[in-house]
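J.: Quick one: the structure is below, questions incoming.
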Amino acid sequence: MEIVRKVTDLKNRIRRWKKNGYIIGFVPTMGALHDGHLSLIRQARRETDKVVISIFVNPIQFGPKEDLTKYPRPFQQDIKLCRSVGADLIFYPSVKRMYPDDFKTCIDMDDLPNVLCGRSRQGHFRGVMTVVTKLFNLVEPDIAYFGQKDYQQVLIIKQMVKDMDMNLIIKIMPTVREKDGLAMSSRNKYLTPVLRNKATCLSQALLKAKQQIKEGEHSSKRIISEMKGIIRYVKEARIDYIGIVNRHNLQGIKQVKTGETLIALAVFIDKIRLIDNTLI
Ligand code: AMP
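Count along the sequence shown starting at 1, add 8, and that's the number in my numbering.
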């Protein structure tokens with residue numbers, strides 16, 4: 009497995025692979041890898057000839073009050089994990105190379121970035137779209153893999169790829185969870201053991217919603233009210249949002265429609281903002 013920091017080295021390697029006709033799979037990450045990331049890498053390993061992982065904590069997707077400087081960066085451990093699942097190359101560019109002082113261009117989109125997580129994280133998806141575009145241009149993948157855990161993110165990326173005629177396929181992989189249901193996230197590392205246990209309120213609220221729907225409840229208002237009840241039971245929890253939306257356009261819906269609905273939520277557990285979602 010190669011570990012590459014310089015864009016010229018990356019480009020040389022990619023050019024040689026392309027010349028040999030290899031299919032390139034790509035998994036963009038911010039590092040602090042866990043089984044969720046590894047499931048994407050494993051899928052890329054199964055489906056493509058050469059697997060590239062990027063590790064880059066993208067400063068422009070963090071708000072001024074967010075955890076950019078604190079974000080975990082266990083690089084040596086990440087290298088081991090990537091090796092263990094058979095990755096071919098880790099690309100870890102410097103911030104200066106990605107955003108030199110004269111950097112001026114950003115990618116933006118109407119509608120999809122302005123709801124759910126976009127409401128409380130102004131500019132977040134603009135930062136995500138910009139870095140993902142740059143990474144796609146550098147790595148030139150045939151297939152890129154994203155997790156359903158960040159559903160809004162992957163929906164936005166799919167839309168961007170379509171709108172901008174980008175020449176690759178986007179694949180979505182299911183959310184990988186801890187045994188007790190908590191969606192794996194690099195941010196779970198911030199939680200104390202007590203708060204870590206309480207963080208299961210997100211997945212429990214989603215389970216409750218699914219159960220209600222199974223029993224015939226379709227009113228978004230009533231489902232959200234039950235979900236709120238479960239989360240408010242945890243005194244350190246503060247709801248950022250709970251959304252029951254159309255899975256294609258992320259607009260709120262009054263009635264749950266099977267096959268069309270996304271239930272998504274963001275909750276602060278103490279100061280740590282966690283997200284989760286489920287498709288109905
Ligand atoms: P991040 O490093 O948080 O930017 O995530 C990199 C990629 O891993 C994104 O496509 C995420 O959606 C995906 N990912 C993060 N957590 C999980 C998880 N628990 N299950 C599946 N994919 C995940």
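Don't be surprised by glycine CBs; every beta carbon is placed ideally from N, CA and C.
#1: Round the Cβ separation of proline 120 and leucine 163 to the nearest angstrom and send it over; I've been treating them as touching at under 8 Å.
#2: In or out: valine 202 buried (at least 16 other Cβ within 10 Å) or exposed?
#3: Please confirm whether any heavy atom of the ligand AMP lies closer than 7 Å to the CB of methionine 106.
#4: Over what stretch of residues does the alpha helix (DSSP H) that includes phenylalanine 144 continue unbroken?
#5: Going by other Cβ atoms of all chains shown within 10 Å of its Cβ, with 16 needed for buried, is histidine 256 buried or exposed?
#6: Find the nearest neighbour of glutamate 186 within the set Ser194, Ile180, Pro72, judged by alpha-carbon distance.
#7: Does any heavy atom of the ligand AMP sit closer than 7 Å to the C-beta of methionine 168?
#8: Which residues in the same chain as lysine 216 place their Cβ atom closer than 7 Å to its Cβ, once the five residues preceding and following it in sequence are excluded?
#9: Are the stretch 29 to 40 and the stretch 146 to 165 touching by the rule of at least three beta carbon pairs closer than 8 Å?
#10: Which word fits lysine 142, buried or exposed, when buried means at least 16 other C-beta atoms lie within 10 angstroms of its C-beta?
#11: Could you say which of Asp57, Glu74, Gly39, Thr269 lies nearest to histidine 132 if we only look at CA atoms?
#12: Spell out the partners DSSP gives methionine 106 in its beta bridges.
#13: What I want to know is whether the C-beta of aspartate 158 ends up closer than 7 Å to one or more non-hydrogen atoms of the ligand AMP.
#14: Please classify glycine 83: does DSSP put it in a helix, a strand, or coil?
#15: Quick check on valine 202: does DSSP put it in helix, strand or coil?
#16: Run through the stretch 220 to 281 for me and flag every whole alpha helix (DSSP H) of 4 or more residues, listed as ranges in chain order.
#17: Given a cut-off of 8 Å on the beta-carbon distance, is the pair valine 264 and isoleucine 252 in contact?
#18: In angstroms with no decimal places, state the Cα-to-Cα distance between glutamine 212 and glycine 189.
#19: Expressed to the nearest angstrom, what Euclidean distance is found between the alpha-carbon atoms of lysine 157 and valine 275?
#20: Three-state secondary structure (DSSP) at serine 62?
T.: Walking through what the data contain:
#1: By one-based count along the sequence shown, residue 120 stands at place 112. By one-based count along the sequence shown, residue 163 stands at place 155. Just to set this straight, residue 120 is leucine in the shown sequence, not proline. About 6 Å separates the two Cβ atoms, so the contact holds.
#2: Against the sequence shown, residue 202 aligns to sequence position 194. Flag for valine 202 reads exposed.
#3: Here residue 106 refers to the residue found at position 98 when the sequence shown is read from its first residue. The closest heavy atom of the ligand AMP lies 7 Å or more from the beta carbon of methionine 106.
#4: Numbered from its first residue, the sequence shown carries residue 144 at position 136. Per DSSP, the unbroken alpha helix (DSSP H) holding phenylalanine 144 starts and ends at 132 to 147.
#5: Here the question's residue 256 lines up with position 248 in the sequence shown. Flag for histidine 256 reads exposed.
#6: As a first step, residue 186 must be located in the sequence shown, where it is residue number 178. Closest by alpha carbon: Ser194.
#7: Translated into the one-based positions of the sequence shown, residue 168 becomes position 160. No, the Cβ of methionine 168 stays beyond 7 Å of every heavy atom of the ligand AMP.
#8: The residue you call residue 216 lines up with position 208 of the sequence shown. Same-chain partners within the cutoff: Glu234, Met235, Ile238.
#9: yes
#10: For this step, residue 142 is matched to residue 134 along the sequence shown. Classification of lysine 142: buried, given that the 10 Å Cβ count is 16 or more.
#11: Here the question's residue 132 lines up with position 124 in the sequence shown. Among Asp57, Glu74, Gly39, Thr269, the Cα nearest to that of histidine 132 is on Glu74.
#12: For this step, residue 106 is matched to residue 98 along the sequence shown. In the DSSP assignment, methionine 106 is bridged to no other residue.
#13: As a working note, residue 158 is residue 150 in the sequence shown. Yes, Cβ of aspartate 158 sits closer than 7 Å to a heavy atom of the ligand AMP.
#14: Mapped onto the sequence shown, residue 83 falls at position 75. The amino acid occupying residue 83 in the given sequence is phenylalanine; glycine does not appear at that position. Helix at phenylalanine 83.
#15: For the purposes of this step, residue 202 is taken as the residue at position 194 of the sequence shown. The answer is helix: DSSP assigns valine 202 an H, G or I state.
#16: 228 to 240
#17: Position 256 of the sequence shown, counted from the start, is the residue given in the question as residue 264. Position 244 of the sequence shown, counted from the start, is the residue given in the question as residue 252. For valine 264 and isoleucine 252, yes; Cβs fall inside 8 Å.
#18: Numbered from 1 along the sequence shown, position 204 holds the residue referred to as residue 212. Numbered from 1 along the sequence shown, position 181 holds the residue referred to as residue 189. Using only the alpha carbons, I get a separation of about 8 Å.
#19: Position 149 of the sequence shown, counted from the start, is the residue given in the question as residue 157. Position 267 of the sequence shown, counted from the start, is the residue given in the question as residue 275. Looking at the two C-alpha atoms, the distance is approximately 14 Å.
#20: By 1-based counting over the sequence shown, the position of residue 62 is 54. DSSP places serine 62 in strand when its eight states are reduced to three.
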